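Trainee: This is the structure, below, for whatever I ask next.
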Amino acid sequence: MQKISVAVIPGDGIGIEVVREAQTVLDALCEMDGGLKLEYTQFPWGCRYYTEHDEMAPKDFISILGDFETIFLGAVGFPGVPDHVSLWGLLLPIRRSFEQYVNLRPVRGLKGVRIPLSSAEPSEIDFVVVRENTEGEYSSSGGRIHSGFDHEVVIQNTVFTRLGTERIIRYGFELARKAARKRLCGATKSNGINWTMPFWDEVFNAIGDAEYPDVERRLVHIDALSAFFVLKPQEFDVVVASNLFGDILTDLGAAIVGGIGIAPSANISPAKKYPSMFEPVHGSAPDIAGRGIANPIGQIWSAAMMLEHLGRSDLGNRLMTAVEDVLHTTSIRTPDFGGNATTREFGQEVIDRLVACSS
Ligand code: GGG
């Protein structure tokens, strides 16, 4: 029996509800399999913790998490705590401290989910965005002086290191090389942003020429790329993007395959010296929090990515097959997808499919 220690941080708002549901589904799957035991330790960190302790998590939270093999996170942020305080107090230090420099965000049409675009069938959209996760526009470098005066100055620096740029672009090329059409698209804006983005393009082309001549590559300005996501999503296999560009593109990516509620992500620490972290793309959705109606698919899909990362892609595939089966053969949906099922009802339906397929 393989035992894996999992640090669970449900976080805020609907994070608590969807993490609970994904754990219920994961437990059912592991019990059926018999070969994997996920040993959870749950941490109550987040905005509620902040209101009691004036910090999002205890000072040594990185060292606490460092002892785990993997991290499963829900959502961070809630009204009452400024968003930059909640993100920089919990989520972003985890990504940086554990060198989770790759944020993998699949964009895939699921059978049974209506695609809002008329130009594509669900089966035609299947690509992944590789988002740089530790630097770029999220540099935390800058400052504010003369606060409140007319001559106030606010500076936020964008930081692209050679090491950080090369490693994320190389990761994108590696994934593209494994894709059927061997295509890599780089998101740029080197016409308007005249230092960092030409550097990004230069690294992209140099690595492509020297190491991946077999991969078809192209650089597309982020504005045009956003339009292509809507108009020609079938054309992409792998898209590599800087931190902010990747973040924005993947909300759009989620929208073109049905909605943000289903989008998963994996914060990968490729060296495997530190834990990786799995979380849905969506946030805490305060407007529906506590009502038990949040869509658990993004969290369940993130769990499937976690299983794959742990060497059990068979279980991850089983899980996603069950989710797609529910969507394809029933009308059970949470309200964001036009149904009236609760989070629990959807999760139970997934479990029922897993049971049916294993017997
Ligand atoms: N699922 C974690 C979460 O709450 N994400 C919302 C968010 O805004 N994250 C910031 C980011 O990924 O840059």
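Using the numbering used here, you'd call the opening residue of the sequence shown number 1228 and step up by one each time.
Every residue gets a Cβ at the ideal spot worked out from N, C-alpha and C, and that includes glycine.
What you are looking at is a predicted structure, and each value in this text was computed from that prediction instead of being measured.
Name the one or two DSSP bridge partners that I1342 has.
Mentor: BP columns for I1342 are empty, so no partner.
Trainee: Can you check which of these residues, E1258, F1305, A1407, V1356, is closest to T1278 by C-alpha distance?
Mentor: Checked all of E1258, F1305, A1407, V1356; the closest Cα to T1278 is F1305.
Trainee: According to the neighbour-count rule (16 or more other Cβ atoms, all chains shown, within 10 Å of its Cβ), is Q1383 buried or exposed?
Mentor: Answer is exposed; the Cβ neighbour count stays below 16.
Trainee: Hey, would you say the C-beta of G1510 is under 6 Å away from at least one heavy atom of ligand 1?
Mentor: Within the cutoff, so yes.
Trainee: Tell me whether D1474, by its Cβ, gets closer than 6 Å to a heavy atom of ligand 1.
Mentor: Yes.
Trainee: Quick one: what's R1444 bridged to in DSSP?
Mentor: Answer by DSSP bridge pairing, in chain order: L1411.
Trainee: Take F1426 and list the residues in its own chain whose beta-carbon comes closer than 8 Å to its own, dropping the five residues that flank it on each side.
Mentor: Cβ within range, chain order: F1387, T1392.
Trainee: Residue range of the beta strand (DSSP E) that V1466 falls in?
Mentor: It spans 1465-1468 - the beta strand (DSSP E) in which V1466 sits, taken as one unbroken run.
Trainee: In or out: G1261 buried (at least 16 other Cβ within 10 Å) or exposed?
Mentor: Under this definition G1261 is an exposed residue.
Trainee: By Cβ distance, which residues of its chain are closer than 8 Å to E1296, with the 5 residues on each side in sequence left out?
Mentor: For E1296, where only same-chain residues beyond five positions count, the Cβ hits under 8 Å are I1231, S1232, V1233, P1502, L1537.
Trainee: If we call anything under 7 Å between Cβ atoms a contact, is V1355 one with P1320?
Mentor: Going by C-beta atoms, V1355 is not nearer than 7 Å to P1320.
Trainee: Pull up the DSSP beta-bridge partners for V1386, would you.
Mentor: According to DSSP, which records beta bridges pairwise, V1386 is partnered with G1363.
Trainee: Considering Cα atoms alone, identify which of V1467, M1504, C1584 is closest to R1397.
Mentor: Closest option to R1397, Cα to Cα, is V1467.
Trainee: Counting Cβ pairs closer than 8 Å, one from the region 1420-1435 and one from the region 1480-1495, do we hit at least three?
Mentor: No, the region 1420-1435 does not touch the region 1480-1495.
Trainee: Mapping the DSSP letters down to three states, classify G1262 as helix, strand or coil.
Mentor: In this structure, G1262 counts as coil in the three-state DSSP scheme.
Trainee: So which of L1534, E1506, R1539, D1514 has the shortest CA-CA distance to P1523?
Mentor: For the residues L1534, E1506, R1539, D1514, the minimum Cα distance to P1523 belongs to E1506.
Trainee: Taking Cβ to Cβ, would you say L1542 is nearer than 7 Å to L1534?
Mentor: A contact, by the Cβ cut-off of 7 Å.
Trainee: With distances taken from CA atoms, which of L1253, D1239, I1527 is nearest G1488?
Mentor: Minimum Cα distance to G1488 is reached at I1527.
Trainee: Just list the residues that DSSP pairs E1506 with in beta bridges.
Mentor: DSSP lists S1492 as partners of E1506.
Trainee: Whole angstroms are fine: how far does the CA of D1353 sit from the CA of T1557?
Mentor: Those two C-alpha atoms are separated by around 23 Å.
Trainee: Secondary structure at R1539, three-state DSSP: helix, strand or coil?
Mentor: Correct three-state label for R1539: coil.
Trainee: Who are the near neighbours of A1583 in its chain, counting only those whose CB is closer than 6 Å to its CB and skipping five residues on each side?
Mentor: There are no such residues.
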